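>
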Amino acid sequence: MNRYEGKVVVVTGAASGIGRAVVERVSSEGAAVVALDRSELVHEVAAELAESGGVAVAQVVDVSDGEAVAAAITAHTTELGRIDAVCGAAGILETGTVAEGSLEVWDKTLAVNLRGQLNLLRACLPRMRERGGSIALVSSISAVIGDRDVAAYAASKAALTSLAKQTACEEARHSIRCNAVLPGWIDTPINDAVFDSGEQRRAEVARTVPLGREGSPAEVAALVAYLGSDEAAYITGTTVLIDGGLLLGVAP
Ligand SMILES: NC(=O)c1ccc[n+]([C@@H]2O[C@H](COP(=O)([O-])OP(=O)(O)OC[C@H]3O[C@@H](n4cnc5c(N)ncnc54)[C@H](O)[C@@H]3O)[C@@H](O)[C@H]2O)c1
Numbered sequence: 223m224n225r226y227e228g229k230v231v232v233v234t235g236a237a238s239g240i241g242r243a244v245v246e247r248v249s250s251e252g253a254a255v256v257a258l259d260r261s262e263l264v265h266e267v268a269a270e271l272a273e274s275g276g277v278a279v280a281q282v283v284d285v286s287d288g289e290a291v292a293a294a295i296t297a298h299t300t301e302l303g304r305i306d307a308v309c310g311a312a313g314i315l316e317t318g319t320v321a322e323g324s325l326e327v328w329d330k331t332l333a334v335n336l337r338g339q340l341n342l343l344r345a346c347l348p349r350m351r352e353r354g355g356s357i358a359l360v361s362s363i364s365a366v367i368g369d370r371d372v373a374a375y376a377a378s379k380a381a382l383t384s385l386a387k388q389t390a391c392e393e394a395r396h397s398i399r400c401n402a403v404l405p406g407w408i409d410t411p412i413n414d415a416v417f418d419s420g421e422q423r424r425a426e427v428a429r430t431v432p433l434g435r436e437g438s439p440a441e442v443a444a445l446v447a448y449l450g451s452d453e454a455a456y457i458t459g460t461t462v463l464i465d466g467g468l469l470l471g472v473a474p
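The opening residue of the sequence shown carries number 223 in the numbering used here; numbering runs sequentially from there.
(1) For my contact list, S451 and A402 are in at a C-beta cut-off of 8 angstroms; report their separation, rounded to the angstrom.
(2) Would you grab the beta carbon distance between L449 and A358 for me? Rounded to a whole angstrom, and I think it's under 8 angstroms.
(3) Run through DSSP, which three-state label would D259 get?
(4) Count the other C-beta atoms from every protein chain shown that fall within 10 angstroms of the C-beta of C391, then say buried if there are 16 or more, exposed otherwise.
(5) Output yes or no for whether 7 angstroms exceeds the beta carbon distance between A447 and A243.
(6) Would you say L258 and T234 are within 7 angstroms of each other, going by their C-beta atoms?
(7) From the DSSP output, in three-state form, read off S356 for me.
(8) Is N401 near ligand 1, judged by its Cβ being under 6 angstroms from some heavy atom?
(9) Within 10 angstroms of the Cβ of L463, are there 16 or more other Cβ atoms? Answer buried if so, exposed if not.
(10) What I want to know is whether the C-beta of A428 ends up closer than 6 angstroms to one or more non-hydrogen atoms of ligand 1.
(11) Would DSSP call N224 helix, strand or coil?
(12) Give the DSSP-derived three-state secondary structure of L325 in the structure shown.
(13) Using beta-carbon positions only, say whether S378 and T331 come within less than 7 angstroms of one another.
(14) Whole angstroms is fine: what's the gap from T458's alpha carbon to T317's?
(15) In three-state terms, what does DSSP make of V232?
(16) With distances taken from CA atoms, which of M223, G252, R247 and L469 is nearest D369?
(17) In three-state DSSP terms, what is P405?
(18) So, do the segment 333–345 and the segment 275–295 have three or more beta carbon pairs nearer to each other than 8 angstroms?
(19) Beta strand (DSSP E) containing L463: first to last residue?
(20) Can you grab the Cα-Cα spacing for the pair A294 / A278, in whole Å?
(21) Rounding to the nearest angstrom, what Cα-Cα distance links P405 and I363 in this structure?
Structure representation (structure tokens):
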């Protein structure tokens, strides 16, 4: 498939996990990529793509810093000329309960997972209005289920699905689509504490998923690449689960 030939895609969280897989997927389909992450590793991602003939510009940026995000988008998209699709995948997961969790974690989580996505939208939307485009914001099943000890994360992701819907309504007249992607258990570094604690814990997780395993970053990237392409031209304002059936609620 070459759905992204001649197109420019902006990806945050591009140094690792889902964001990195999105970069690799859309690049393999012809996109030039603007890869943003707070980690220096984002330069390695861009260099690897360049070695295989891809086009990627990378910049270290903290998405919670609105001015820095705007400056990075302006600089790179002026160079590349357009923005066709955006994937907001940068995110953090820190634990804390509603009653006792630290306010520092609360503020930091909302600053990255929610305001970081707002910063991305504000930086990209004016440019996208020139010819329309598509945005996928990576939320989580935590947006729609109850859980324990992830109060800030879950609240940030629920608010993010709402932000995607507001964006879809406001920007539809500019032919800009916006959807939220809600992954379940995906094998990325954000879950190291769970998956690195041993095969027994991994098996416990798998038992809660009807498909019997965690998902891969590439599987989420395939969904993001579909939503960002013209094949999804009539899909906007949705929240798409990608969770191996977890939300079906089958007893383990
Ligand atoms: N892995 C899962 O099971 C899962 C499930 C649901 C949702 N998600 C969401 O998917 C997204 C991607 O996470 P992942 O699983 O690939 O984890 P990951 O830790 O591999 O990737 C997250 C990336 O975001 C970057 N990042 C974090 N804070 C940033 C900041 N302030 N500015 C710029 N970049 C920042 C990190 O450096 C990292 O490269 C996150 O939003 C996460 O909440 C993941």
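Even for Gly, the Cβ is constructed at its ideal location relative to N, Cα and C. Computed from a predicted structure; not experimentally measured.
Considering the structure as presented:
(1) Actually they do not touch by this definition, with Cβ atoms about 17 angstroms apart.
(2) 5 angstroms
(3) strand
(4) exposed
(5) With contacts defined by Cβ atoms closer than 7 angstroms, A447 and A243 do not form a contacting pair.
(6) A distance below 7 angstroms separates the beta carbons of L258 and T234.
(7) strand
(8) Residue side-chain check: N401 keeps its Cβ at 6 angstroms or more from all non-hydrogen atoms of ligand 1.
(9) buried
(10) no
(11) Correct three-state label for N224: coil.
(12) helix
(13) yes
(14) 31 angstroms
(15) strand
(16) L469
(17) strand
(18) Taking a cut-off of 8 angstroms for Cβ pairs, the segment 333–345 and the segment 275–295 touch, as three or more such pairs fall below it.
(19) T461 to I464
(20) The C-alpha of A294 lies about 13 angstroms from the C-alpha of A278.
(21) 6 angstroms
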